[in-house]
Each structure stands twice: as structure tokens, then as C-alpha cells.
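Report on one structure; see the data block that follows.
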Amino acid sequence: APSQPPAPTFVSATSTTITIDIEPATSNGGSPITYYQVWYESGGAATQFGSNSDTDMTRTVTGLTAGTVYRIYTIAHNDEGDSTQSDNLEKAATALPDAPGTITKVSSLSSQTSIALSWDKVADQDVETSGYYLWMAADSSGSSEFVIAMNGTGQREQNEYVVVGLTAGQVYTFKLQALNFNGVSSFSSEYSFNACLAPSSFFAPYRLASTTSSITLGWGEPLDDGGCPVTGYAVFRDDGTSTTPSVEVNSDSDSSVRSIPTLRQLEVTNLPSGK
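Under our numbering, read the sequence shown as residues 420 to 694, first letter to last.
If you want it as C-alpha cells, here you go:
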């Protein structure tokens, strides 16, 4: 008789089906294997699915009960008889979880060397979503190898995590998977983070030139860039009566000023005369 086949391999599942790949026996016992039987059970007597004339090595067991866990095994047959049954594949009649949604940063809990991330919980399929994997890659030297930053197996209520030990000035990328009894979802969209603080305040800008309706300002670099290179500057003014700068200048006519890291002066135009 053939040798014992390996356990079948899980392919996919729905609320009423489980699809498997039959793994062939390593030895036919000296006589060609003529078919494989697929058996399944969920706590009672095992039932054969299909017939002995089935030759496909991929089988979809149908007519299952949503959310129920089934044990599936195979038996190889040749003219000498049946093999012993394979080990069980244990899967539920349910789809994998949906991919998690957007990862967001919890600013109040993040710092120069840590980041707090949160996400919405993934809805249950026919079995509950049982946890999450949070993956992280440090984009240094062009590397994008992801490692698990949080193994949330069995922690279905967890939807926030603080990643610590980050290096200031380094870019990190994160993505999520949801888990249930059958396995893991596809990945969420990626979220990238610069491990740095906002730049510190710096000395007040100074006047380089002025007319009756304009002023050219200059400024220096911030005292501390927060651990990441400065990417640009925004210049604000008050309305001529308030002492609180609240209007960003040039944001409409030349919004690119925010993206010039070398910018050190700017002409502010259309100022009310006499103010």
C-alpha cells in the first residue's frame, strides 16, 4: 500500500467551503496510486467527500456550516490497498479577515524615538478576528525588509501600539495584517514615519528691505531640527491690528515656498500702507 500522505495544504475557504491541495504520498508501495480520498469531520464520524473516481489534486469540500472548525485528511489508494490516513488539516468554514484600514499616528503619545500607532478593528468573518501583526521596516541603506514589531495573536481588542527604540532622523514604514482561525489577511496600506520632532523655535526674522506695501524678511536656521532635515519654511503675518500672526503669506501665489529647505528670505507683498 502507499505510504502515509502528508497533511493536505490549505488553499482558501468561504462560509460553506474549504479548498485544499492534496499532498502526494512519498512512496506508492510498488504499485501506482490510483486515487486519493478526502475525509472531513467536525467532532463526529468522518465523512468522505467526493468519490474514488476524483483525480484532481485540488479539492473543494462543500456544504459546510459557517464558522465550524473541520479536520480534513486524505488517504492514498493503489491496487495493494489504502494508506494510513494523513495528519489532519484543521480549518474553519470562513474567509480570511479583510485587510486592515489606514494606520494613523497618535501624536500625543509619540516622541523622537517612539511612535504610537492606531487602527480600526477589522470586522469578524464567520469566526472572530483574533488579533493583528504590525510589521516594520527601517529604510536605511535602501533596505525595506519588514520584521514583526508587534505579534498581537489572541489580542483581538488591541488596536493601538507604541513602537519604541527608534533612531532619530530615520524613516520607518509600517503595515498591518489581521488574524483569524484560518490565517492572516492581506496587508494594509503602508504608513511611513520620520522619527523626529517638529523643529524648535528660532530667532525672530529680520528686515532686509521694505517699501510702502512690501517687506523683505530674512531668517536663520532653527536651533534644533528635531532630528530630521528641515524641508521648508512657512511665513506668517498678522492683519495689521492683531499681534498674533495668523495669515500665511505667499501660500496662494507661491505655495512652493514651504518645500524649499534652503529658503532664507522672502518678500511679503500687498501690505496695507502705514501698518
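We put the CB at the ideal spot given by N, CA and C, even for glycine. Everything numeric in this text was worked out from a predicted model, so none of it was measured.
- The Cβ neighbour count for Leu508, taken over all protein chains shown within 10 Å, is at least 16; the residue is labelled buried.
- A check of alpha carbon separations from Ala420 across Ser434, Thr503, Phe429 identifies Thr503 as the nearest.
- In terms of Cα proximity to Thr631, the closest of Glu686, Gly486, Arg478 is Glu686.
- Comparing alpha carbon positions, the residue from Phe621, Pro624, Gln544 closest to Ala514 is Gln544.
- Within 10 angstroms of the beta-carbon of Val666 lie fewer than 16 other beta-carbons, which makes it exposed.
- For the pair Thr635 and Arg656, the Cα-to-Cα distance works out to about 12 Å.
- Annotated as distal: Gly637 and Ser619, with beta-carbon spacing of 9 Å or more.
- Trp458 and Thr548 have their C-alpha atoms roughly 27 Å apart.
- By the neighbour-count definition (other C-beta atoms within 10 Å, threshold 16), Arg683 is an exposed residue.
- Three or more Cβ pairs drawn from the segment 487-496 and the segment 447-466 lie within less than 8 Å of each other, which places the two stretches in contact.
- Contact between the segment 443-452 and the segment 511-525 is absent: fewer than 3 CB-CB pairs across the two stretches fall below 8 Å.
- Judged by DSSP secondary structure, Leu508 falls within the beta strand (DSSP E) whose first and last residues are 508-511.
- Where Glu686 is concerned, the enclosing beta strand (DSSP E) starts and stops at 684-687.
- About 35 Å separates the CB atoms of Gly573 and Gly588; that is not less than 8 Å, and the two are not in contact.
- Its chain contains Asp657 as the residues whose beta carbon lies nearer than 7 Å to that of Thr663, once the 5 sequence neighbours on both sides are disregarded; these appear in chain order.
- Val603 carries a strand assignment under DSSP once its states are collapsed to helix, strand and coil.
- Closest option to Pro427, judged by alpha-carbon separation, among Gly584, Tyr455, Ala557: Tyr455.
- One alpha carbon belongs to Ala614, the other to Thr445, and they sit about 52 Å apart.
- With respect to the C-alpha of Ile567, the residue from Phe600, Ala432, Gln531, Thr592 having the closest C-alpha is Thr592.
- Fully enclosed beta strand (DSSP E) runs of no fewer than 3 residues occupy 634-637 of the segment 633-663, in order along the chain.
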